[in-house]
Amino acid sequence: LRSFLGELLGTFQICACTSELCLLAEAEPKPHTALTLTYGFTVLHGLTLAGSTCNPCGTVQPLWAGGLSAQAGGIKVGAQFAAAVLARAFMRFVWSLGMAEPHAGALSQGCSSPMQTSELQAFCVELLFSVVFQLTILRVERVNPKYKVHLIALLITMLVYAG
């Protein structure tokens with residue numbers, strides 16, 4: 392139950408924050424607002440829900456390595472998908488309140504692709520950033536936990552800026 396709730400809350404938090412960040416990324420001054428929000432949301436997530444994978448791929452990895460049972464893996468992935476659906480509904484509700492100027496047009500815009508490049512180039516950039524991220528995560532395992540969350544947030548913010 393604890394694992395399910397951790398994944399549910401962690402994935403909900405990431406999905407809701409990402410939806411809001413995508414919406415507010417165009418706010419002035421660019422790119423300062425988006426980068427500040429990226430760093431802040433990442434630190435918030437790292438401090439409040441450390442240990443949750445929030446990603447089906449991150450759940451499958453220990454499953455294949457034998458560190459997680461199929462039942463536990465299924466529960467985690469189920470929680471992640473449920474949280475994504477709940478976060479989408481929650482953000483639609485928040486946007487319908489019109490608390491900020493970008494919220495007013497958010498519901499009418501619908502979903503669109505954030506990629507501003509070819510699929511091959513996007514794939515290569517994602518592959519490169521994934522390798523850099525994973526190698527960095529392996530290196531920061533020995534870092535003091537109070538600094539680790541800030542190092543990871545800084546890395547994610549730099550990758551967002553570069554990508």
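Heads up, the sequence shown is in our numbering, so the first residue is 392 and it goes up one at a time.
Think of the CB as a built atom: it goes at the ideal place given N, C-alpha and C, for glycine as much as any other residue.
Quick caveat, the model's predicted, so the values are computed rather than measured.
Here's a check: name, in chain order, each residue in its chain whose Cβ is nearer than 8 angstroms to the Cβ of residue i, leaving out the five neighbours to either side.
{"i": "Pro493", "result": "Leu414, Leu415, Glu417 and Ala418"}
{"i": "Val531", "result": "Lys539, Leu542 and Ile543"}
Starting from the Cα of residue i, find the closest Cα among the options and give me that residue.
{"i": "Cys408", "options": "Ala425, Val534, Met549 and Ser460", "result": "Ala425"}
{"i": "Ile528", "options": "Leu518, Leu546, Ser460 and Leu440", "result": "Leu546"}
{"i": "Leu428", "options": "Leu440, Glu510 and Ile405", "result": "Ile405"}
Taking the continuous alpha helix (DSSP H) assigned at residue i, which residues delimit it?
{"i": "Ser521", "result": "Glu510 to Arg530"}
{"i": "Gly437", "result": "His423 to Thr439"}
{"i": "Gly442", "result": "Run containing Gly442: none; DSSP gives neither H nor E here."}
Looking at the structure shown, is residue i part of a helix, part of a strand, or coil, going by DSSP?
{"i": "Glu398", "result": "helix"}
{"i": "Glu417", "result": "coil"}
{"i": "Gln507", "result": "coil"}
{"i": "Val534", "result": "coil"}
{"i": "Ser487", "result": "helix"}
{"i": "Gly457", "result": "coil"}
{"i": "Leu392", "result": "coil"}
{"i": "Gly554", "result": "coil"}
Return the chain-ordered list of same chain residues with a C-beta closer than 7 angstroms to the C-beta of residue i, the five sequence neighbours on each side being excluded.
{"i": "Gly442", "result": "Gly397"}
{"i": "Leu399", "result": "Ala470, Ala473 and Ala474"}
What does the Cβ neighbour count give for residue i, buried or exposed, with the cut at 16 atoms within 10 Å?
{"i": "Trp455", "result": "exposed"}
{"i": "Gly482", "result": "For clarity, residue 482 is Met in the given sequence; the question names Gly instead. Buried is the call here."}
{"i": "Glu517", "result": "exposed"}
{"i": "Leu392", "result": "exposed"}
{"i": "Cys448", "result": "exposed"}
Looking at the ligand SAH, does it come within less than 7 angstroms of residue i, judged from the CB to the closest heavy atom?
{"i": "Ala553", "result": "What this structure holds is no ligand at all, so the ligand SAH is not there to describe."}
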